[in-house]
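In my numbering, the protein residues as written are -13 to 170.
Here the structure comes first, spelled out in structure tokens, and everything after it is commentary.
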Amino acid sequence: MAWFFPLLLRLASVGITLLYPAWGSINAIESSGTDDDTQWLVYWLCYAIFNMIENSLWIVFQWVPGYSLFRIAVFAWLALPQTKGATFVYEAVLAPIVSILRREISKNPSLDRTFNKEFAQGANSGTTSQARASKLQSALDNANSSFNRALEKINGLSDPSQKKKAERAFDKDVSRINNLAARS
């Protein structure tokens, strides 16, 4: 019977810290509002930070009486929509720390570029890809009309030497564009 209470604590811990929040996250993804999205994103952020601290200090926490019950209570408070504990922790603790970190990061150009611009590009990667595809299509359309005009001009030349010279220039342009396309 000594094994029953630790097993019960473990099952409760998994249910409260992982299963319930995972189900809430799935529901938030499928809902049209964004309030629940924020709650669950912040919950998972708190979960990650808590686990980093817990893993680093486990040698101490394993000897604290009632730690498992405390952990379950903390995660229940963080996860339950009635308490919105995760949102409270973010607004009271994490947001001020993030604000300080952002200021410090912005003072270092390479860190600023890494953390701010690249994350923004990643967040907009779908939009960025669409914008790139649109620019590429526009460039191809412009090149196509330029080639058509150049070919019409070449065909309109009556002097064979000028025509040959224009054809070579045209072939060079086509070759240059092919090389650029092959590199990208």
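Glycine residues also receive a C-beta, built at the ideal position from the N, C-alpha and C atoms.
Legend entry - Local Cβ density within 10 Å of V175, reported as buried at 16 or more and exposed below that: Here the chain comprises residues numbered -13 to 170, so residue 175 is not present and cannot be evaluated.
Legend entry - Contacting residues, own chain, Cβ-Cβ under 8 angstroms from A65 (five flanking each side not counted): I2, T3, Y6, P7, G10, Y29, G71, A72
Inset, instruction - Write down the C-beta distance between V84 and C32 rounded to the nearest angstrom, noting that I regard them as a contact closer than 8 angstroms. - result: The pair is not a contact, with the Cβ atoms about 13 angstroms apart (cut-off 8 angstroms).
Inset, instruction - Taking the CB atoms as reference points, tell me whether A14 and D23 lie closer together than 9 angstroms. - result: Closer than 9 angstroms, so yes.
Inset, instruction - Just the C-alpha distance for S92 and V79, rounded to the nearest angstrom, thanks. - result: 21 angstroms
Inset, instruction - Consult DSSP for P67 and reduce its assignment to one of helix, strand or coil. - result: Note: P67 maps to coil in three-state DSSP.
Inset, instruction - Give me the Cα-Cα distance between Q25 and I58, rounded to the nearest whole angstrom. - result: 18 angstroms
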